[in-house]
Structure formats: structure tokens, C-alpha cells
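Written below as C-alpha cells is the structure these notes are about.
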Amino acid sequence: MPFNSAPNECPFKIGHTPLTRFSIQIGDHQHELLIKEERLNEFGSIKDRVAWYILSRTIEAQGPVTSVVDASSGNYGNALACICERQGIQATIVSSPSISAYNAEGIRKTGARLVIAEAQPGESSNAARMRVAGEIAAAEGMVFLDQYANFLNPASHQNWTAPEVFAEGPFDACFATSSSGGTARGFTDYLKAHQDKTPLFLVEPQGSCAFVAPDDSDGEKLKIPGYGSQRRSTFAEITPPPAMLRVQEPAVLAAFALLHEHKLAEVGLSSVGVMLGAMQWLSEQDGPRSAVCICADGDERYVDEFEGRYLPSVPRADYDAAYAKLSPMIASMKQVTRANA
């Protein structure tokens, strides 16, 4: 029987993640803030979709594979390792020293091999991962899935994630992180193909350059481990370039802490950044609006390392100031059902 890579034939609990709605008071207006909870995919992140889509399409095109290798900063590697374990495929994940303890442990628990790539002088961590993964594939005859350059990555979002999101619209705006570029490109391609005029905003920390180069006039560098990208995405060739919103990293950490304390959105750091970008946009509107946020993973991947790893990456005074500023706004958030929205 031919291998079926259609999303609706996926043998795992990936996709059809909930869209959770919140009301939020910003200035004189009460807005609707919606989050697509990709943390509730079976292996815990939006990268579950990418890993299954790339692997299944590769098998469909090439036939059965016994071993694969790919580069990942963490979530994709964890998802790919879990899927390969279930499929009886040997997996090698090449990551960086910045990989979270959560993802490193998850990868190793599946029996996959985790290789940490050290960057050479002048080489970004992402480039190091890709280089080492390619070297392993060539030396050991493994299939290199190459998620960072494989257009099946954005296709997974164009054909799977985005249709789910916009089926529950309309929305006044959509917000996502650039990350490795797959989500941003996939959503852009979906909106263009469907002639959907919903504005898409990419939300990144000040020093990230995945889609749009940062303004280096203030010497801003990435601070939070694993957040933002040092390289321009393979998928970034979009005309016109996407709209970009920049967020301050101390504010991301403060909002993460506040959301956790108030038991609101249980989302990860980049997702909190996306929500902050949406709040920033909402604060500039002249009336109530609805903003949908694509939230890539959950807070469980960061909570245990928050105090020891993430919080020390920013000046404490900046964190405290952001915490005080954001506290009333986040305290105003209330989860609502669609009937009451």
C-alpha cells in the first residue's frame, strides 16, 4: 500500500490544535487576543507538523528510509526523534550548545543520537548545525532532511497550519515568529494564494535577522538563549518583505513570568514574544480588534530553567521595569468562550 503523507492521515495527534480566546483591556478598548496552541500537538510544538510533513513526504517520494539526520535548535529535533522512534527509524539530531535541557533530554529518551555542533570562527550556530548534519549524512549514508532549506517546511504550514487557523476567522491581524522561517513563509504563501488580506506581522527580538535585518545602530544583540536567529532564513525571499515588529527581551521574560503566575496562556518564550507584538499592535488601534497569535510551544520547556538560565540573560532592572509596566495589562486578560467573545 502506498505511503500516505496527507495531514489527515497522520497517525499521531498532530494538528487540530485549539484556538483559545482571551479578552484583554488595552487603553480604552477591550480587544480579542486569540492563541493557536501548538503546544497541544502530541510531541509538544508546532514543529511536530514540520517533522511529520517533511519525513512523510520524503518517504512518499523516496520509499522507506532506515535512518535520517537533521539540524535543529531543539523543538523540531525533539519532534523528529519522537516520530522516528514510533516509525522504527534511526534518527540523529544535530543541535547547538544552547539547546534546552528539556529538548536534549527528550531527544535522548527516544534513543536518537544527539550531536552538539560547535561553531567555527565566524560561523553562526545555525550554520554549524547544518554543516555537521551534512557531514554526517555524507559519511554515514543517512537521509539528510535539511529542514532549514527544504521547502516542505513552509509547505507544512501553508497546507496544514494556516488553513486550520483561518477557518476560524476572520481576524483583524495575524502574528507569528520568524524562527527558522517556515511558519512565516508558509502563512505568507497561504494568504497570497487565497487572496486573503489579513495582515501578517512577524515578531522578533531586536537583534534577530531571520527575515528582516535589525537596526544595528544601538548595537543590539540577541540575549535570551535560543530566542531569535543569527542567520537570514532560506525562505525569506518574499516581495514585498513581511511586516516586522520588534520586542524587547526583558519584556518577553516579564510577560512569560506574569502569564505563568496568572495561570493564563501556558506558552513558550517565542510565543510570549508573539503575544507581546500583538498587544503592541492592539495598543495602536482606534477601536476593538481581534488578533490571532501562532504560539509554537509550551511553557513546560522553559519553566525549570527560567531562574537559572533565561532570567540572568537580561539586566534585572530592565526586567523589573517591564514586569511593572505589563502587569496591569496581563492581569486584565480573561479567557472567554466563542459564544461570549
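With the UniProt record's numbering as the guide, the letters of the sequence shown map in order to residues 1 to 341. Note that beta-carbon positions come from the ideal geometry of N, C-alpha and C, so glycine has one too.
Nearest candidate by alpha-carbon position, reference residue i, set the options
i, options, result
"TRP160", "HIS16, TYR227, PRO288 and PRO312", "HIS16"
"THR198", "GLU266, LYS325, VAL68 and PRO242", "PRO242"
"GLY169", "SER332, LEU33, ILE99 and HIS29", "LEU33"
"ALA133", "GLU123, SER125 and PHE144", "PHE144"
"ARG129", "TYR76, GLN90 and ILE294", "TYR76"
"PHE171", "ASP189, VAL314 and PRO288", "PRO288"
"HIS157", "VAL65, LEU114, PHE187 and SER125", "PHE187"
"ALA51", "ILE26, THR110 and ASP146", "ASP146"
Status (buried if at least 16 other CB within 10 Å, exposed otherwise) for residue i
i, result
"HIS31", "buried"
"PRO328", "exposed"
"PRO150", "For the record, residue 150 in the displayed sequence is Asn; it is not Pro. Looking at its Cβ environment, which holds 16 or more other Cβ atoms inside 10 Å, ASN150 is buried."
"ALA58", "The amino acid at residue 58 is misidentified as Ala; the sequence shows Thr. That one is buried."
"ASP48", "buried"
"PRO154", "buried"
"GLY228", "buried"
"ASP304", "exposed"
"GLN335", "exposed"
"ARG86", "exposed"
"ALA213", "exposed"
CB of residue i within 8 Å of CB of residue j, strictly
i, j, result
"LYS36", "VAL292", "yes"
"GLU140", "THR177", "no"
"GLN175", "PHE211", "It is Phe, not Gln, that sits at residue 175 in the sequence shown. Not closer than 8 Å, so no."
"ALA101", "PHE43", "no"
"SER332", "ILE24", "yes"
"TYR148", "ALA71", "yes"
"ARG246", "GLN206", "yes"
"VAL274", "GLY298", "no"
"ALA236", "GLY181", "yes"
"SER73", "SER96", "yes"
"LEU222", "SER233", "no"
"VAL69", "ILE136", "yes"
"ILE83", "LEU114", "no"
"SER283", "ILE26", "yes"
"residue 384", "TYR302", "Since the first and last residues shown for the chain are 1 and 341, residue 384 lies out of range."
"THR239", "ILE46", "no"
"ARG231", "ASN126", "yes"
Cutoff 8 Å; reference residue i; Cβ partners in own chain excluding five residues on either side
i, result
"TYR319", "PRO250, LEU253, ALA254 and LEU311"
"GLN248", "PRO205, GLN206, ASP318 and ALA322"
Cβ neighbours of residue i in the same chain (closer than 6 Å, five flanking residues each side left out)
i, result
"LEU259", "ALA265"
"ARG39", "ASP297 and GLY298"
Residues near residue i in its chain [Cβ-Cβ closer than 7 Å; skip 5 each side]
i, result
"SER313", "LYS223, ILE224 and PRO225"
(Q) In chain order, what are the residue ranges of uninterrupted alpha helix (DSSP H) at least 4 long that sit wholly in the segment 1-66? (A) Within the segment 1-66, the runs of alpha helix (DSSP H) at least 4 residues long that lie entirely inside it are, in chain order, 47-62.
Q. What alpha helix (DSSP H) runs, 4 residues minimum, are completely inside the segment 210-277?
A. Counting only runs that start and end inside the segment 210-277, the alpha helix (DSSP H) elements of at least 4 residues fall at 249-261.
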